[in-house]
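Data first, discussion second: the structure below is written as structure tokens.
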Amino acid sequence: MLVLCALLAGCGGGHTTRQREVGYKGKARLDAYLAAGRFLEQSGYTVVSKPGWPGLDDAVSVALVPASVISTRGTARELGEWVEDGGHLLCLVEHAESHLDDWAVVQGRGGKPKTPVPEALGEWLRQAGLNVERGGKIEADRLRVDGERFEVFAASEVSVTGEGRGPRVMGRVDFGEGIITVMADARPFRNRYIGDHDHAALLLALVESSPYEGSVVIVRDAALSLWELMWKKGWPALAGLLAVTVFWLWKNMPRFGPLRREEEPSTLRDYDHHLEALGDFQWRLDKGAALLRPLRDSVLERAQRLAAAGHRDADLFEWIARRAGVTRDRAQRAMTHEHPGDATSFTRVLADLQKIHLSLS
């Protein structure tokens, strides 16, 4: 106790405070393009931000879509028809989906995909004149839109090639009456980075370069199912619930086959049980007289034979008593008492009779 008090007295009571940036809260945490949408709204555009595939029509002039959303040939075909009619597609490849955390050291698990874009989208882009492929890391500090240069910072391991130009971060090509713009790095348009450099001005220039006027649709990410969202955000609780469910099923599910029956007790009796049953029967029948009679006859026969051999006495019971070492009354009772009143009397008579029997051996 004294040692503990000394240690506590020696503590200076100091502490260290560490601050860690964890990101936005509320809508900004759910929508990585919230700032971009509000900036375009202040610039006079109607912005629709939603997850999953949007409905594209003539009222939509620009669509910001993560490459992972365009995963089927039907989606690519619908998108191609809309662009040919004058739409402007701004396709974002890396760091595009809204659920990714800009403050996380590692954005995901399981390694990087083999192809930077889905096969259906890659095939459609090649037909349009752009090729998106993974290679060495490339960076860009300036991008040009319609002759105007914008200071940016974009870095990606995905490069866009086409129109006779080498690998670059952003590629643009006319497709029918519309425009296809592929941005390898989507971070300049996300909440955390849109205020840096000329990122917001670049986004506005891309939207203004669209052939027709209309609303702007921002697709935050592919529509996640409820289970995917729960597993991504709350997998520890789901893992615990799964473990409890498995234990409950193991405890309560029917077993494979019937339970092993308990071994029934044997109906066979030991020798002492048989003797006990016979004794109980004889006692209930005639108070054991049938058991005493054969022993008395044997004792009487042997006593008379010995007496005839030279030990004759006027009183046979007196002779038997002296021979057995008991009183005459006990010898007479043992030889003549037919129905003992209780089990104690029966036991006493039988003991005396047994003693007499042994004395005549």
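Per my numbering, residue 204 is the first one in the sequence shown, and the count goes up by one each step. We put the CB at the ideal spot given by N, CA and C, even for glycine. All of these numbers come straight from a predicted model, not from anything done at the bench.
Contact under 8 Å by Cβ, residue i with residue j
i: Gly379; j: Val286; result: yes
i: Ala408; j: Val348; result: yes
i: Gly290; j: Ser264; result: yes
i: Val376; j: Gly332; result: yes
i: Lys340; j: Ala357; result: no
i: Glu411; j: Trp306; result: no
Cβ distance (whole Å) where residue i is taken to contact residue j below 8 Å
i: Pro269; j: Asp424; result: 6 Å
i: Lys253; j: Val363; result: Not quite, the Cβ-Cβ distance comes to about 26 Å (not below 8 Å), so this is no contact.
i: Leu295; j: Leu267; result: 7 Å
i: Glu300; j: Ser271; result: 6 Å
Proximal residues to residue i (C-beta, below 6 Å), its chain only, five neighbours per side dropped
i: Leu556; result: Leu498, Ala537
i: Ala279; result: Ile273, Ala323, Leu324, Trp327
i: Tyr236; result: Ile421
i: Leu292; result: Ala266, Val286, Ile383
i: Phe242; result: Ala403
i: Val250; result: Gly240, Leu243, Glu244, Val419
i: Tyr248; result: Val419
i: Asp473; result: none
i: Gly369; result: none
Local Cβ density within 10 Å of residue i, reported as buried at 16 or more and exposed below that
i: Asp500; result: exposed
i: Trp453; result: exposed
i: Asn394; result: buried
i: Ala506; result: buried
i: Tyr396; result: buried
i: Phe353; result: buried
i: Val335; result: buried
i: Gly544; result: exposed
i: Met373; result: buried
i: Arg390; result: buried
i: Glu297; result: buried
i: His402; result: buried
i: Ile532; result: Here residue 532 is Asp; the residue named in the question, Ile, does not match the sequence. Asp532 comes out exposed.
i: Leu495; result: buried
i: Asp388; result: buried
i: Thr550; result: exposed
i: Ser564; result: exposed
i: Gly277; result: exposed
i: Gly491; result: buried
i: Ala554; result: exposed
i: Leu405; result: buried
i: Ala524; result: buried
i: Phe392; result: buried
i: Asp234; result: buried
i: Ala546; result: exposed
i: Ala440; result: exposed
i: Val552; result: buried
Other residues of its chain near residue i: CB distance less than 8 Å, five sequence neighbours each side excluded
i: Ala262; result: Gly417, Ser418
i: Arg345; result: Arg352, Phe353, Glu354, Val355
i: Asp288; result: Asp261, Gly379, Glu380, Gly381
Same chain only: Cβ atoms within 7 Å of residue i, ignoring 5 sequence neighbours per side
i: Gly283; result: Trp327
i: Val558; result: Note that residue 558 is Lys in the sequence shown here, rather than Val. The answer, listed in chain order, is Ala527, Val529.
i: Val309; result: Caution is warranted here: a pLDDT of 43 is assigned to Val309, below 50, making its placement in the model unreliable, and the coordinate value is therefore given only provisionally. For Val309, where only same-chain residues beyond five positions count, there are no Cβ hits under 7 Å.
i: Gly314; result: With a pLDDT of 42 at Gly314, under the threshold of 50, the modelled position of this residue cannot be trusted, and the question is left open.
i: Ser246; result: Leu407
i: Glu366; result: Gly332, Val376
i: Ala493; result: Gln485
i: Tyr227; result: Asn394
i: Glu541; result: Ala492
i: Arg232; result: Gly226
i: Pro468; result: none
i: Trp256; result: Val272, Thr278
Residue i at chain D interface by Cβ criterion, 8 Å
i: Lys558; result: Here chain D cannot be found, since the structure has a single protein chain.
Take every Cβ of the region 323-334, pair it with every Cβ of the region 381-393, and state whether three or more of those distances are shorter than 8 Å.
Touching, per the Cβ criterion.
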